[in-house]
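Structure first, commentary second.
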Amino acid sequence: MVSKRGGCCGWLIVALVLALVATAAVVAIMKRKPGGGGGGGSSRRPKPLPVPGPPGDVDSKYGDSLGIALQFFQVQKAGKLVDNQIPWRGDSALDDGKEAKLDLSKGLYDAGDHMKFTFPMAFTATVLAWSILEYGDQMTAAKQLDPALDGLRWITDFLIAAHPSDNVLYIQVGDPDLDHNCWQRPETMTEKRPLTQINPKSPGSDIAAEAAAAMAAASMVFKSSDTKYSDTLLQHAQKLFTFADTYRGISSDTYPKLQSYYNSTSYVDELLWAASWLYHATGDQTYLSYVTVQNGKAYADWGRPTWFSWDDKLPGTQVLLSRVNFFGSKQTSNAENMGLKSYRDTAEAVICGLLPDSPSATGSRTGGGLVWISGWNSLQHATNAAFLAVVYSDYMLTSQTAAVECSGKYFSPTDIRNFAISQANYILGDNPMKLSYLVGYGSNYPQQVHHRGASIPSDAKTGCKGFDYLHSTSPNPNIATGALVGGPFQNDSFVDLRDNAVQTESSTYNSGTLVGLLSGLVTMSSIAKTFT
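Here is the structure:
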């Protein structure tokens, strides 16, 4: 995970916290037992389970937490707010884009700062759109579909504005050095907010392709309710994919300063991800051929499971293309079907790595059962993995696939769903700290979220240098409702200090997969066999 952000003076405290925790973490790792739900497994292949019907009764725990999680998109909104539901938020960043004669005022702030990074914001839109496509009926049952659509459109409006011509995409609004040297409310920002773009001479295939994926996925979400907007999104998606594929390069190579924030490690995963979404959106076989016959062997890294994140889209692509393999397409060639089977096999390797009783289970977990990969924003990987797990289990249920085989041991869709439930429950308070990591859910959640707007009273006059509020040990005066904070250390401990950005900062991109995870657990239901 990247090294990201924090207050300019808070790192001394963070370093002390990390030093104190290190020894305990090592002990915890040595003592750790496999856990985290998803138990079970059998040496015999089970019989297929019946296909669920329409959405049933809503599980109030997941329905309530879904409603809270969706509010974070409102907390993070920039621009001229419409029907604002957050009393301590107001209009902000209204001049973003003016230097290029564009309106880039919309979009979401990245985390506890006021930066707009197109890369993680577009990833947020892609997984949020995916969540709506898979679980829109469940969201409707929980009366949460409209907030999800609103959050998605606020991002895609920004992406449309950020793509003013075929081969230009604005990838950043604001200077992270200037932004992070201030601690202030977004409504009172005065520092310069320069623009950064990619173009043929300054390429960024990773970001252009992620934006293409986001707009292709979103075009299907809005197809039935706003055909014109859907068509606009799809046109942008196709042009951005061509731009990304034609003028190749990694954004953080083009702009080395990005390496301190979102250091992209490749762009081929985003090309496959975008082409997969464009295939679903258009039905155009050339996109399917692109990800299977033309580039599958070279780019997909078949057989090697990795962790789904804003940087690595391969696991998401593997699960998404498994959908085509599960539900079939009469137009696919033998060579394309072979490629799809390789994606599905790799998706199953991802799933096998998650299940604690699987012979190939990852040992990187906390004692409380949370999948734990990185100290910074540790909940990111658990949330993403659980989202993929619940989606894959529902593909299995709907297709009446009895089990996945993990080195001779069989696991049913219920086993996989139980793993997803275990990660969601850990987030919501079933953990050694008895703490809900979703701000606003339950009676015990972090009080010092590393978030500028939440930490400063709405009537305070701080100017740029409101760092007294960063370093204060008092609870935030405003609740960043729906924020999923960074999360625990590997020994399941959590230090609720605003200066401890490693654990208490929330990132917008966590919310997309969290919404999908909670939506998938709201109620049991079959999924649509096609998005269109």
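Those letters in the sequence shown? Residues -24 to -1, 1 to 508, per mature numbering (1 follows the signal peptide of the UniProt record, and there is no 0), in order. Backbone N, C-alpha and C fix where the C-beta goes; we use that ideal spot for every residue, glycine too.
With contacts defined as CB atoms closer than 7 Å, Ile131 and Met97 qualify as a contacting pair. At a Cβ-Cβ threshold of 7 Å, Gly17 and Asp370 do not count as neighbours. Going by DSSP, Leu364 is part of the alpha helix (DSSP H) stretching over Leu355 to Thr374. The count of Cβ pairs closer than 8 Å, one atom from the segment 353 to 365 and one from the segment 461 to 473, reaches three, so the stretches are in contact.
Taking 7 Å as the cut-off, the Cβ atoms of Phe198 and Ser206 count as close. Take Gln261, set aside five residues on each side of it, and the residues of its chain with a beta-carbon closer than 7 Å to its own are Gln307, in chain order. For Leu254, the uninterrupted alpha helix (DSSP H) run begins and ends at Val244 to Thr258, by DSSP. Of Ser482, Ser41, Ala138 and Ala105, the smallest CA-CA separation from Lys82 is found for Ala138. Ser181 has no beta-bridge partner at all, per DSSP.
Counting of Cβ neighbours within 10 angstroms places Gln47 among the buried residues, the total reaching 16 or more.
The DSSP-derived three-state label of Phe387 is strand.
The three-state reading of DSSP puts Arg341 in strand, counting E and B together. Put simply, the backbone Cα of His427 is about 37 Å away from that of Ala276.
Residue environment analysis places Gly272 among the buried positions, since at least 16 neighbouring C-beta atoms fall within 10 angstroms of its C-beta.
A distance below 8 Å between beta-carbons, with the five flanking residues on each side excluded, links Leu128 to the following residues of its chain, in chain order: Ala101, Leu104, Ala105, Ile108, Ala194 and Val197. Counting along the chain, no beta strand (DSSP E) covers Gln61, and no H or E run does either.
The beta carbon of Gly442 lies closer than 6 Å to those of Trp159, Gln160 and Ile432 in the same chain, with the five residues before and after it left out. Counting the other Cβ atoms within 10 Å of the Cβ of Asp153 gives fewer than 16, which makes it exposed. According to the DSSP secondary-structure assignment, Lys53 is paired through a beta bridge with Leu84.
Using a C-beta cut-off of 8 Å, the segment 406 to 422 makes no contact with the segment 360 to 379, since fewer than three inter-stretch Cβ pairs fall below that distance. Distances from the CA of Val300 to each of Asn313, Ser469 and Lys289 were compared; the closest alpha carbon is that of Asn313. Per the Cβ contact rule, the segment 466 to 484 is not in contact with the segment 33 to 41 (fewer than 3 Cβ pairs under 8 Å).
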